[in-house]
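Undergrad: Could you have a look at this structure, given as structure tokens, before my questions?
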Amino acid sequence: MASSSKVYGTVIENLEIIETASEGVCIGRHEGKVVFVPFTVPGDIADVMLVRSKINYTDAFIRQLRKPGESRIEPMCPHFTLCGGCRWQHMRYDAQLVMKQKQVTDNLQRIGGIEIENIFPITASPNQFHYRNKLEFTYSDTRWLTDDERHSENIEPRGLGFHLPGRFDKIFKVNRCFLQDDYMNEIRNTAQDVALQQDLTFCNRKEHTGFLRNLMIRNSSAGHWMITVIFGFDDEKLISEYMNALKEKLPGVKSWIYIINTKANDSLNDLEFHVFSGPDSFTETMEHLHFSVGPLSFYQVNVPQALAMYGMVRKLADLKGTETVYDLYTGTGTIALFVAPHASKVVGIEYVPTAIEDANKNAVNNKISNAEFFCGDIAKTLNASFMAEHGHPDVIITDPPRSGMHPDVVAQILNVAPEKVVYVSCNPATQARDIAMMKDQYRLAEIHPFDMFPHTHHVENIALLIRK
Numbered sequence: 000m001a002s003s004s005k006v007y008g009t010v011i012e013n014l015e016i017i018e019t020a021s022e023g024v025c026i027g028r029h030e031g032k033v034v035f036v037p038f039t040v041p042g043d044i045a046d047v048m049l050v051r052s053k054i055n056y057t058d059a060f061i062r063q064l065r066k067p068g069e070s071r072i073e074p075m076c077p078h079f080t081l082c083g084g085c086r087w088q089h090m091r092y093d094a095q096l097v098m099k100q101k102q103v104t105d106n107l108q109r110i111g112g113i114e115i116e117n118i119f120p121i122t123a124s125p126n127q128f129h130y131r132n133k134l135e136f137t138y139s140d141t142r143w144l145t146d147d148e149r150h151s152e153n154i155e156p157r158g159l160g161f162h163l164p165g166r167f168d169k170i171f172k173v174n175r176c177f178l179q180d181d182y183m184n185e186i187r188n189t190a191q192d193v194a195l196q197q198d199l200t201f202c203n204r205k206e207h208t209g210f211l212r213n214l215m216i217r218n219s220s221a222g223h224w225m226i227t228v229i230f231g232f233d234d235e236k237l238i239s240e241y242m243n244a245l246k247e248k249l250p251g252v253k254s255w256i257y258i259i260n261t262k263a264n265d266s267l268n269d270l271e272f273h274v275f276s277g278p279d280s281f282t283e284t285m286e287h288l289h290f291s292v293g294p295l296s297f298y299q300v301n302v303p304q305a306l307a308m309y310g311m312v313r314k315l316a317d318l319k320g321t322e323t324v325y326d327l328y329t330g331t332g333t334i335a336l337f338v339a340p341h342a343s344k345v346v347g348i349e350y351v352p353t354a355i356e357d358a359n360k361n362a363v364n365n366k367i368s369n370a371e372f373f374c375g376d377i378a379k380t381l382n383a384s385f386m387a388e389h390g391h392p393d394v395i396i397t398d399p400p401r402s403g404m405h406p407d408v409v410a411q412i413l414n415v416a417p418e419k420v421v422y423v424s425c426n427p428a429t430q431a432r433d434i435a436m437m438k439d440q441y442r443l444a445e446i447h448p449f450d451m452f453p454h455t456h457h458v459e460n461i462a463l464l465i466r467k
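Sequential numbering of the sequence shown, starting at 0, is according to numbering that gives the first Met the number 0.
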């Protein structure tokens, strides 16, 4: 086999792209090898340049598109291919949905070897653009430069934008993004311009220096805008000057928050936020429920689609009002509180303390008294003594992170043996792995895929498992 250095630059002419693969990349086949080519669609015929070769596959990129596939369209975003976000924006939306549905069923049937009794069509997102209510940007003193900029003099190296794929130390300056309401673009561009006018230092990721680190922009369905600026060190004068200048130029923003982060990493949940001006939270409504969303709160970024998903969870649980429901990985309790009026009792378990604090606040604010929330390791918490105190679950709802459930949690669910398990997943591969471990005791009665993130390869799936 030729080494990667020997194949680099080799061109394969007229490669036919045949299907999608993991991580949103499409594939062709050449001389018995799979060729991974990003930013293609099935049906494309292209000349591709090889960049790396392994035993069973080769990585490449398009050098020239010879014939477009049927589903190929012109992407809206000027940063397409440079940004790692909307990797499918060049694909018709109906084709994206087909690929996502296939991704779910392939993982369950082909990889997990699981028989599915009822496969329901994927639920499309109500909005294909401007669907997010939260975005985060990075201030950097070494932004990516275009070819023209590299050959120009007096180019400003600082910028505010998204990280380049695979580059923790470099961002590209975003001119316009279509993921959030368009006012976000005015906010971001203003934040960058004011910082440059005040000649503030932007973060250097390698040396961990700089005054400005990150900008978080949130908005509610009702139009409440919240800005959180993350500073690299505390300087009351600089903070006040920067925040006041932004306030003057952005009257549409109601909440002004800042955080001091002197750590090497960007995690914020262990840090205190400071209110510079305005309310420290806004209220988001789902049906009859009201959720308080602060700068560090977890809340679904695509609210209309989240509402549809929660409705499906409630439908599949099919509660009669007498059941005890356990909600694992409950987060801030949104699903637990959504089903609580239809159950006798709901118990939420989560390992993040701040999330449990928010869950309890949400229960109080919504006057829901039959929901309790507990913080702890789920595998250790879900035991006989816990159930003796809080009741044996008739239904378990689980909504784990992308890594899926820990094998010990799966084992505990099998020991508990509830009548139903409603498994909400943001990663069909780990969901298939977990369900495969449960298939001797549970049958997979239904799956319901949901598209929460249009123009990406990500897909959510809700699975109903019923005890045999």
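A virtual CB, placed ideally from N, CA and C, is assigned to each residue, including glycine.
Return the Cβ separation of R217 and N132 in integer angstroms, given the expectation that the two are a contact with Cβ distance under 8 Å.
TA: 6 Å
Undergrad: Taking only three categories from DSSP, how would you classify Y328?
TA: coil
Undergrad: When the Cα atoms are used, what is the spatial distance from R175 to W255?
TA: 22 Å
Undergrad: Using the rule of at least 16 other Cβ atoms within 10 Å of the residue's Cβ for burial, across every protein chain shown, is T333 buried or exposed?
TA: Its Cβ being crowded by 16 or more others within 10 Å, T333 is buried.
Undergrad: Alpha carbon to alpha carbon, how far is Q197 from T189?
TA: 12 Å
Undergrad: Tell me D46's beta-bridge partners as DSSP assigns them.
TA: Note: D46 sits in a beta bridge opposite Q63.
Undergrad: Confirm, please, whether the CB-CB distance from I72 to Q100 is below 7 Å.
TA: no
Undergrad: Whose CA, out of K66, L96 and E30, lies closest to the CA of H456?
TA: L96
Undergrad: Shortest alpha-carbon distance to L38 belongs to which of Y56, C85, I54 and R65?
TA: A small fix is needed here, since residue 38 is Phe in this sequence, not Leu. Proximity to F38 across Y56, C85, I54 and R65 peaks at C85, based on C-alpha coordinates.
Undergrad: Under 8 Å by Cβ, that's how I've got D233 and I258 pegged, so tell me the actual separation to the nearest angstrom.
TA: Going by Cβ atoms, the distance from D233 to I258 rounds to 10 Å, so no, they are not a contact pair.
Undergrad: Verify whether the separation of the beta carbon atoms of D330 and F297 is less than 7 Å.
TA: The residue you asked about is not Asp; residue 330 is Gly in the sequence shown. Closer than 7 Å, so yes.
Undergrad: Cβ atoms of I395 and V423: under 7 Å apart, would you say?
TA: no
Undergrad: Is the Cβ-Cβ distance between Q127 and Y182 less than 7 Å?
TA: no
Undergrad: Do you know whose CA, among P77, L14, T200 and N460, lies nearest D140's CA?
TA: Measuring from the Cα of D140, the nearest candidate turns out to be T200.
Undergrad: How many angstroms separate the CA atom of N13 from the CA atom of R51?
TA: 19 Å
Undergrad: Cα separation between E459 and P427?
TA: 7 Å
Undergrad: Throw me the rounded Cβ distance for the L365 and L249 pair, which I believe falls under 8 Å.
TA: With the sequence shown as reference, residue 365 is identified as Asn, and Leu is not the correct amino acid for it. Actually they are not in contact, since the Cβ atoms of N365 and L249 sit about 32 Å apart, beyond 8 Å.
Undergrad: DSSP three-state label for Y56, please.
TA: In the structure shown, Y56 sits in a strand (DSSP, three-state: E or B).
Undergrad: How many Å lie between R212 and G231 at the Cα?
TA: 6 Å
Undergrad: Could you please give the first and the last residue of the uninterrupted alpha helix (DSSP H) stretch that includes Y468?
TA: No statement about residue 468 is possible, as the shown extent of the chain runs from 0 to 467 and does not include it.
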